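If you read the sequence shown in the UniProt record's numbering, its first letter stands for residue 1, the second for the next number, and so on.
By construction, the Cβ of each residue, glycine as well, lies at the ideal position given by its N, Cα and C atoms.
It should be emphasised that the depicted structure is a prediction, and the values quoted were computed from it without experimental measurement.
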Amino acid sequence: LGICHTTTPTHHQQTEIGVQRKDPKCRFIYLSGEHSRARLNITRSMLVEILTFHQVMPDYLDHLFIFGLQSEARDLRFSSFREQISLKPSSSAFGISTLGRSGRQYQLCYNLKGMAVESPDAADPMKNEYSIRQAAFYHRFDAVGGNSLWIVTKGGDDISRRFKELTGSKARPEDKSFGNPVECFQSSLSAHLLYCHWSTENWRGYIRWLEFVVDVETKMAVLGPTKKGFHHHVYTAADIQRLLTWQERISEFITIVESNIEIMGSLGRFYTKLGENKDFDIRELCSGDIEVFTNQIGNMMDEFKLHIGRAGALAKLIADRTELVKQHRLERLNHNLEKEAIVMRIVTIVTLIYLPATFVSTFFSTDVIKYQDQDSPGGSYSSVAMNRWLQ
């Protein structure tokens, strides 16, 4: 950053903070961890120094707080787009000439979510694992000097590598040129497109995988024979739990993709308004670039909308098949109840057949009528025993 600490000659215990160089035309700061749920490789003091030195808008902290050490991904449904525009000539009063900051600038921060394939298994696609990855972006552009600042936060270094390729020696001239404010602005649009393209990757493969899994889990409920003598799949409560899990993942897919669409839409509208802002001096020179940028953003949004339609159809399919599985379970339960009813009817009939003999045997085993000798034809009758037996 070019920050230097010096001790004042009059007060040796006081330290002055100064800078040795101006801001570069493009500065890229990447905050990352080993993976998406690991600690970021930065200390608190380093982060405070970076954010303070670059006068980063406080809203970016909301995006930073979703990162850090965690056992499960948190706040996946959080999405936000914030902006600050200070392009009026009066904003020059807040400039810092020693750093090359004119004060006339705009800032924006937003987050996007991508899909990553953690462990693909070509032999058994059912074992594939997909995971949602978040990334937070901050950008500041000086409208006079063309200086750009990027602060990107993400687990892993994939976006950092892509940005280096975008601005490397083999990149297109319009993506790595910073000779004047117009070229710097064009390069900043290319970086935005890079991030947006990253957020569109693997979603098609993910929804295709969900379609495959749902079909494997539920096709026997539709195609399996249910007549007697045919082998059929017996669905259990665990199967219904798995189906509900897939329903939740499809719902999560729709929510995340819709949030990406909203962020991209906000990004496109921001630059459209910027191109109409009279205080943006290079608006006429960059109007064509803004139009191309918004068109490409629109294409990615349209692709996402197609994914949402596909996911919506899959959500309806799995809901219908889950209901069919429940009907199969209910029919099987009714069939078992019918069997139990038949068994109880047989038991009742047998009981009624043997009940008279049982009654007679029980009655004569009491002291009501008693034969003293089996060779004697006579017997004795006890009214007291009869009354007690009736009680």
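query                                                                                                                                                                         : result
Ser119: buried (16+ other C-beta within 10 angstroms of its C-beta) or exposed?                                                                                               : exposed
Assess, as a yes-or-no matter, whether the stretch 248 to 264 is touched by the stretch 158 to 172 under the definition of 3 or more beta carbon pairs within less than 8 Å.  : no
My output table needs one value for Gln241: the three-state DSSP class, helix, strand or coil.                                                                                : helix
For Gly114 versus Trp198, is the C-beta spacing smaller than 7 Å?                                                                                                             : yes
Look up Met57 in the DSSP assignment and say whether it is helix, strand or coil.                                                                                             : coil
Pull up the DSSP beta-bridge partners for Glu83, would you.                                                                                                                   : Leu108
Compare the Cα-Cα distances from Ile29 to each of Leu193, Leu149, Gln55 and report the closest residue.                                                                       : Leu149
Contact check, Glu83 vs Gln55 under 8 Å by CB: the rounded distance?                                                                                                          : At roughly 15 Å, the Cβ-Cβ gap does not stay under 8 Å, so Glu83 and Gln55 are not in contact.
Check for me: the beta strand (DSSP E) holding His35 runs from which residue to which?                                                                                        : Premise fails: His35 is in no beta strand (DSSP E) and is neither H nor E.
Smallest Cα separation from Ser90: which of Tyr110, Ile318, Asp279, Arg74?                                                                                                    : Asp279
Starting from Lys127, trace the alpha helix (DSSP H) in both directions and tell me its first and last residue.                                                               : Unbroken run through Lys127: none, as it is neither H nor E.
Throw me the rounded Cβ distance for the Gly145 and Gly33 pair, which I believe falls under 8 Å.                                                                              : Actually they are not in contact, since the Cβ atoms of Gly145 and Gly33 sit about 33 Å apart, beyond 8 Å.
Mind checking which residues open and close the beta strand (DSSP E) that includes Val152?                                                                                    : 148 to 155
If contacts are defined as beta-carbon pairs under 8 Å, then Ser79 and Ser259 qualify, I think. What distance do you get, rounded to the angstrom?                            : 4 Å
What is the C-beta distance between Ser188 and His139, in whole angstroms, given that I count them as a contact (C-beta under 8 Å)?                                           : 7 Å
Can you have a look at Val152 and say buried or exposed, based on whether 16 or more other CB atoms are within 10 angstroms of its CB?                                        : buried
Mark Arg35 as exposed unless 16 or more other C-beta atoms lie within 10 angstroms of its C-beta, in which case mark it buried.                                               : The displayed chain sequence assigns His, not Arg, to residue 35. Counting Cβ neighbours within 10 Å, His35 comes out exposed, since fewer than 16 surround it.
Assess contact between the stretch 206 to 218 and the stretch 237 to 246, defined as three or more Cβ pairs (one per stretch) separated by less than 8 Å. Is contact present? : yes
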